[in-house]
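Numbering (our numbering), first residue to last: 77 to 314.
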């Protein structure tokens, strides 16, 4: 199966960082986060399939990419594919997350969630109808070789057409794309003697539709993968 040729070239930040050690947000894993007042009347948009999350008020405006927002018009290097991918050229529903491979806490959970989606897609015959897009904010260490090793560690099929490890070309580009465009704040911790550095960062999974609009933003260190798969199926089949 050939990779889709349409993937041709492939600042607002929240004040709440994860606690030290990359533990991620302690908030809910679904919806767009930040409130607890239910929406009484479902709110819809012509850009998306799913209604505004009912567990959060429509007046809440998160500082990360969320419901009915459009993907940024940026290109990011896909080192295992030897090219750049323009996010706007993704023409299938996509699931994004943000990680660094040396993380030992929440990042493996986030990447595992995408792996479970990949497995479900393969087992149910829609693997060529989605894109799975983990983006590293540690380009200094997450080289092509490291990402290949990480894929093996995580039991991810990085050679599948639907999996795209993205790596900004520099620390500055990582901040520009991940912090400024997606609103996923991250901060390098002070390096401990004899240990490599870690990051504090927001834990986020973002589901977008084929037109590049956000259907759901899932926060927290324990993603409800079954919920994401259900939402993805709704978006994919509508």
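Just so it is clear, CB atoms sit at the ideal spot from N, CA and C, and this is done for glycine as well.
- In this structure the stretch 270-287 lies against the stretch 179-194, because at least three pairs of beta carbons, one per stretch, are closer than 8 Å.
- Judged by pairs of C-beta atoms under 8 Å, the stretch 186-206 touches the stretch 284-303, as three or more such pairs exist.
- By alpha-carbon distance to residue 168, the top candidate from 211, 233, 285, 273 is 285.
- Pairing residue 119 with residue 261, the inter-Cα distance amounts to about 28 Å.
- Excluding its 5 nearest sequence neighbours in each direction, residue 150 has C-beta neighbours in its own chain below 7 Å: 163, 253, 257, listed in chain order.
- In the three-state scheme derived from DSSP, where H, G and I count as helix and E and B as strand, residue 147 is classed as coil.
- Counting C-beta atoms within 10 angstroms of its own C-beta, residue 142 has 16 or more neighbours from the protein chains shown and is therefore classed as buried.
- Judged by beta-carbon spacing, residue 221 lies beyond the 8 Å limit of residue 176, meaning their Cβ atoms are not closer than that value.
- Taken in chain order, the complete beta strand (DSSP E) segments of 3 residues or longer contained in the stretch 203-237 are 207-212.
- Only exposed fits residue 267, as fewer than 16 other CB atoms lie within 10 angstroms of its CB.
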